[in-house]
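Numbering (full-length UniProt numbering), first residue to last: 1 to 829.
Ideal Cβ placement from N, Cα and C applies to all residues, glycine included.
This structure is a prediction, so every number in the text was calculated from the model and none was measured.
Encoded as structure tokens, the structure appears first; notes follow it.
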Amino acid sequence: MHPAGPHVYEGAISIIGETRQAIRRLLKARAFAIPVVLTLGLGIGAVTSIYSVVHDIVLSPLPYPDSRRLVWVDHGAVGLDVERGLTLTKGLYVHYSEESRTLQRLAIYDEENVSLAGEGEPERVRAARATHTLFTALRVTPALGRAFDATEDRPGGRHVVILDHSLWTRRFGADTSTIGKTVRIDGAPHEVIGVMPRGFHFPGPDIELWRPLIVEPISSELGSFSKRAIGRLAPNATPELARSELQTLIGRLDERFPDELARRLVNDVALRARVVALKDRVVGDMGQVLWILLGSVAVLLLIACVNVANLFLVRAEEGRREVAVRTALGAGYGRLVRHFFVEAIVLAVLGGVVALALAAAGLRLLSSFGPEMLPRLHEVGLDLSTFAFTALVALAAAVFFALIPLSVTRAGRLADALRAGGRGASSGRRGRRARTLLVVGQVAMALTLLIGALLMARSYWNLRNVDPGFEPDRVLTFQIGLNESQHPTRAGAVAFHRHVTDRLANLPGVESVGLTTCLPLCGSWSGSELAVEGRTLPPGVIAPVVAIRRVSAGYFETLKIELKEGRTLRREDLERRSGAAVVSARLATLYWPDRDPIGQRIYHGDEANPAWYTVVGVVNDLPIRELGEPAAPTLYLPLLHRHGAEGPLPYTLSYALRSTVPPTSLAGAIRAKIAGLDPDLPIAGLKTLERIVVEAGTRMAFSMTMLLVAATLALALGAVGIYGVVAYAVRRRRQEIGVRLALGARAADVQRLVLWQSAIVVSSGLAVGILASFGLTRLLRSLLFELSPLDPVSFAVAVAVLLAAALAGTCLPVRRAATVDPMETLRTE
1 MHPAGPHVYE GAISIIGETR QAIRRLLKAR AFAIPVVLTL GLGIGAVTSI YSVVHDIVLS
61 PLPYPDSRRL VWVDHGAVGL DVERGLTLTK GLYVHYSEES RTLQRLAIYD EENVSLAGEG
121 EPERVRAARA THTLFTALRV TPALGRAFDA TEDRPGGRHV VILDHSLWTR RFGADTSTIG
181 KTVRIDGAPH EVIGVMPRGF HFPGPDIELW RPLIVEPISS ELGSFSKRAI GRLAPNATPE
241 LARSELQTLI GRLDERFPDE LARRLVNDVA LRARVVALKD RVVGDMGQVL WILLGSVAVL
301 LLIACVNVAN LFLVRAEEGR REVAVRTALG AGYGRLVRHF FVEAIVLAVL GGVVALALAA
361 AGLRLLSSFG PEMLPRLHEV GLDLSTFAFT ALVALAAAVF FALIPLSVTR AGRLADALRA
421 GGRGASSGRR GRRARTLLVV GQVAMALTLL IGALLMARSY WNLRNVDPGF EPDRVLTFQI
481 GLNESQHPTR AGAVAFHRHV TDRLANLPGV ESVGLTTCLP LCGSWSGSEL AVEGRTLPPG
541 VIAPVVAIRR VSAGYFETLK IELKEGRTLR REDLERRSGA AVVSARLATL YWPDRDPIGQ
601 RIYHGDEANP AWYTVVGVVN DLPIRELGEP AAPTLYLPLL HRHGAEGPLP YTLSYALRST
661 VPPTSLAGAI RAKIAGLDPD LPIAGLKTLE RIVVEAGTRM AFSMTMLLVA ATLALALGAV
721 GIYGVVAYAV RRRRQEIGVR LALGARAADV QRLVLWQSAI VVSSGLAVGI LASFGLTRLL
781 RSLLFELSPL DPVSFAVAVA VLLAAALAGT CLPVRRAATV DPMETLRTE
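Rendered as structure tokens:
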């Protein structure tokens, strides 16, 4: 046996014995152990759960092979004052794919809602159309079957589809014979050629099938900026190198596309390529939110540790005489170190177990009720890194807490304890100073958290009170997507939607019905320029880009959008194809700042489908994507013309019904009416307009809720900490209080003394917290809405709430101080 063997064995036996003794001591001191374990569990559990979210969403690479080389490609436009968000056109995709050397693969895709039939009841699912290069760029292959080949995203390519694993399991029972079967998507037959692996998600977890996106191999037209793009960098390439190369290719657009649009994109629009890491694009602004939340729960953990440190300090001071006697009888310093460290580690381990249980429960709640806009939420969970993080935090806490009794039981202090019979006046003063400093820090940290939470709450209140430009109450919305095979012509699709509209309008409780290509707060928009009759733009000047919305008669009335001037669209406008149009207030200001917009004629269309419209009305500005965003100039054109080919084919439209009854009570009747026209037609996105408005503020609501939870816990821990310190101070000073009362002091005098000393501690903490908040709240600036990070109301309310919590924490000890019996105290002491 190695010479060190016996010593190691003896050491292990000694530690096991010390652990058993520590457990027995803690079982006897449950009033100390239970609060320590629960407080540690709460603090470590909070920081563990948010760390897990930050690790899996922000820090972990995307779940694709060599994902660091995946990039997002889009554009800005100097001439349009747009920094980012202009996606690709099909022409740009072909141009970049053929000419770029820094991009090994480039793929474009878009998303859509489709009707899926075959192997069960028809349903509405979220789908993506993508070029065959998507899966090669991601380096992911189907678990069954194959991916798209290079011929299937070309004109005349086969109608094929790849299924998501969850859709394959849910709808097809995970049957491997699904490969080769035919399903109907929007009425058209598609052959199932593949099933993606379990856990694969792109571009999001809601995508359930993929179809080829048809692209001309040799495109002579740029097309519209509507296709999202990802790429894989070539070896040794960087996003900046790729951006520089694409910018060079933009400068050569007029060589490949000899038309006016290419020249204007280069010279007037001043298109600017953007290439960023795909993970940065996926995480987006939520990364900053999550880091702030992690910092908040870290502060909460510190507050919890302060509480536990105070408990250890009290326990160490009360046990000083016992430790002094043991030392005098021959117990070595190493034995004391082992004694305190083992006890602290046992408590930290138990706290870590509680923390993991709380973190697991918290992550389950987040997975079930977390906001849909939280990226990569399906990837979040407890893993080895989470366990390692929890163990590291618990170990650090154990070391810190073990040092507290060791500092109290230094040799000189133990001698003082023996001479003072356990009272240790000088040590008591040092202990009081330590506890006071800990509580000052605790109050300061709690105040900082509370101010941040109140800033977010007031900001969310401001957002919720923004006038959206419409009245969302008592409005039910949903989408219908028609099958092209069943409605192959525009006239047939228009007729079907009109039948649906008429049937729904006759339902009891329905006040009005409106249709649109896109509801407010429901997504993105592609810009378009307008030409104004009789006005020519100077060379190099670009007309403002406007959003285009197609709406039916009754749409503005259903949403109760304020009419500022003129009139809205009428049914006869659709019957006669009068060319009537309605514009938003922002558009009217941009295009006709010095004249009446009513009666002005504008041009929207292309050479194949030219169209002039006459402005008949001006309506309130509406948000496109988010509440409170700058208003986008919007043009509203008639939907559901009976004749001609004007406008997009009305296959997928959003319906809005204003009712005199609770909107959701109409769901069954709506389904029945639509089933009467087409029993195989599913409806999707059935929700109230009020819910859409609430969901638009989800990010801020999430941040506010998490900060409020952290601040509430910090407030509770702070109150408990103040109570503990004041109560212990009263208990330690019972003799002094008894003497004061015996010499004639009144109970009120004693109460004022205790309150005054408590007020000094709390005021010091408030002062430190306010100074810290002046700097730290600036981190929230980008998350706030119409609110300064130095909002005086938030600061004042936070101080008032914390003072109330401090007062609550001191009430009981103050009452006890006033009820001290002088004679009994003097006899005891």
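With 16 other Cβ atoms within 10 Å as the buried cut-off, status of residue i
{"i": "Leu812", "result": "exposed"}
{"i": "Arg171", "result": "buried"}
{"i": "Val661", "result": "exposed"}
{"i": "Leu92", "result": "buried"}
{"i": "Tyr51", "result": "buried"}
{"i": "Trp72", "result": "buried"}
{"i": "Arg376", "result": "buried"}
{"i": "Asn620", "result": "buried"}
{"i": "Ser427", "result": "Model confidence at Ser427 stands at a pLDDT of 48, short of 50, so the residue's coordinates are unreliable and nothing is read from them."}
{"i": "Glu572", "result": "exposed"}
{"i": "Asn465", "result": "exposed"}
{"i": "Asn310", "result": "buried"}
{"i": "Glu152", "result": "buried"}
{"i": "Leu59", "result": "exposed"}
{"i": "Phe556", "result": "buried"}
{"i": "Ala411", "result": "Here the model assigns Ala411 a pLDDT of 45, short of 50, so the residue's position is not dependable and the matter cannot be decided."}
{"i": "Ala493", "result": "buried"}
{"i": "Asn267", "result": "exposed"}
{"i": "Arg490", "result": "buried"}
{"i": "Val78", "result": "exposed"}
{"i": "Glu216", "result": "exposed"}
Proximity winner among the options, relative to residue i (alpha-carbon distances)
{"i": "Leu38", "options": "Gly180, Pro633, Tyr96 and Asn307", "result": "Asn307"}
{"i": "Glu343", "options": "Phe32, Leu802, Val730 and Ser782", "result": "Phe32"}
{"i": "Val140", "options": "Arg158, Val82 and His201", "result": "His201"}
{"i": "Ser512", "options": "Val616, Ala656 and Leu447", "result": "Ala656"}
{"i": "Asp186", "options": "Thr131, Arg124 and Gly17", "result": "Arg124"}
{"i": "Val615", "options": "Tyr636, Glu629, Ala270 and Ala147", "result": "Tyr636"}
{"i": "Phe496", "options": "Ser528, Leu622, Ile561 and Gly676", "result": "Gly676"}
{"i": "Thr19", "options": "Ala117, Asp680 and Phe341", "result": "Phe341"}
{"i": "residue 831", "options": "Phe795, Gly765 and Arg158", "result": "Within the shown structure, residues of the chain are numbered from 1 to 829, placing residue 831 beyond reach of any answer."}
{"i": "Leu802", "options": "Gly775, Ser788, Ser763 and Pro792", "result": "Ser763"}
{"i": "Ala714", "options": "Leu482, Val439 and Gly738", "result": "Val439"}
{"i": "Arg816", "options": "Gly775, Ile404, Gly738 and Leu779", "result": "Gly738"}
{"i": "Val814", "options": "Val730, Ala806 and Pro122", "result": "Val730"}
{"i": "residue 842", "options": "Ile548, Val546, Ala188 and Thr136", "result": "Lying before the first or after the last residue shown, residue 842 is absent from the chain, which here runs from 1 to 829."}
{"i": "residue 830", "options": "Ile548, Val545 and Leu587", "result": "A query on residue 830 cannot be resolved here, the shown segment of the chain reaching from 1 to 829 and no further."}
{"i": "Cys518", "options": "Asp594, Val720 and Leu689", "result": "Leu689"}
{"i": "Asp791", "options": "Thr87, Leu455 and Phe401", "result": "Leu455"}
{"i": "Pro597", "options": "Val532, Arg570 and Val761", "result": "Val532"}
Supposed close pair residue i, residue j - CB separation, criterion 8 Å
{"i": "Arg658", "j": "Arg474", "result": "6 Å"}
{"i": "Ala348", "j": "Leu395", "result": "7 Å"}
{"i": "Phe478", "j": "Ile683", "result": "5 Å"}
{"i": "residue 830", "j": "Leu249", "result": "Residue 830 is absent from the structure shown; the chain starts at 1 and stops at 829."}
{"i": "Leu134", "j": "Tyr109", "result": "6 Å"}
{"i": "Ile602", "j": "Ala581", "result": "7 Å"}
{"i": "Leu278", "j": "Thr89", "result": "20 Å between Cβ atoms; not a contact."}
{"i": "Leu290", "j": "Ile57", "result": "6 Å"}
{"i": "Val726", "j": "Ser773", "result": "Not quite, the Cβ-Cβ distance comes to about 25 Å (not below 8 Å), so this is no contact."}
{"i": "Leu515", "j": "Leu681", "result": "That belief does not hold up - the Cβ atoms of Leu515 and Leu681 are roughly 15 Å apart, past 8 Å."}
{"i": "Ala585", "j": "Val618", "result": "6 Å"}
{"i": "Leu574", "j": "Ser296", "result": "So it is not a contact: roughly 54 Å between Cβ atoms."}
{"i": "Pro638", "j": "Leu569", "result": "6 Å"}
{"i": "Pro508", "j": "Phe470", "result": "The pair is not a contact, with the Cβ atoms about 24 Å apart (cut-off 8 Å)."}
Proximity test, Cβ basis, 8 Å: residue i and chain C
{"i": "Gly91", "result": "Going by chain labels, chain C is absent from the structure shown, which holds only one protein chain."}
Touching by the beta-carbon criterion (3+ pairs, under 8 Å), the segment 27-44 and the segment 344-362: Contact holds: three or more Cβ-Cβ distances are below 8 Å.
At least three beta-carbon pairs within less than 8 Å, the segment 197-212 to the segment 240-251: Touching, no.
Length at least 3, wholly inside the UniProt domain "MacB-like periplasmic core" (506-640): the beta strand (DSSP E) runs in chain order: Within the UniProt domain "MacB-like periplasmic core" (506-640), the complete beta strand (DSSP E) runs of at least 3 residues are 510-516, 546-551, 563-566, 580-584, 601-603, 612-619 and 634-638.
Length at least 4, wholly inside the segment 694-769: the alpha helix (DSSP H) runs in chain order: If we require 4 residues or more, the alpha helix (DSSP H) runs fully inside the segment 694-769 come out as 698-732 and 734-742.
Meets three-Cβ-pair contact criterion under 8 Å: the segment 452-461 and the segment 696-708: Yes, the segment 452-461 touches the segment 696-708.
Whole beta strand (DSSP E) elements within the segment 263-324, 3-residue minimum: Those beta strand (DSSP E) runs which fall completely within the segment 263-324 and span 3+ residues are 271-277.
Minimum length 4: unbroken alpha helix (DSSP H) runs contained in the segment 156-187: Within the segment 156-187, the alpha helix (DSSP H) runs of at least 4 residues that lie entirely inside it are, in chain order, 165-172.
Entirely enclosed alpha helix (DSSP H) segments - the segment 338-409, minimum 4 residues: Correct list: 384-408.
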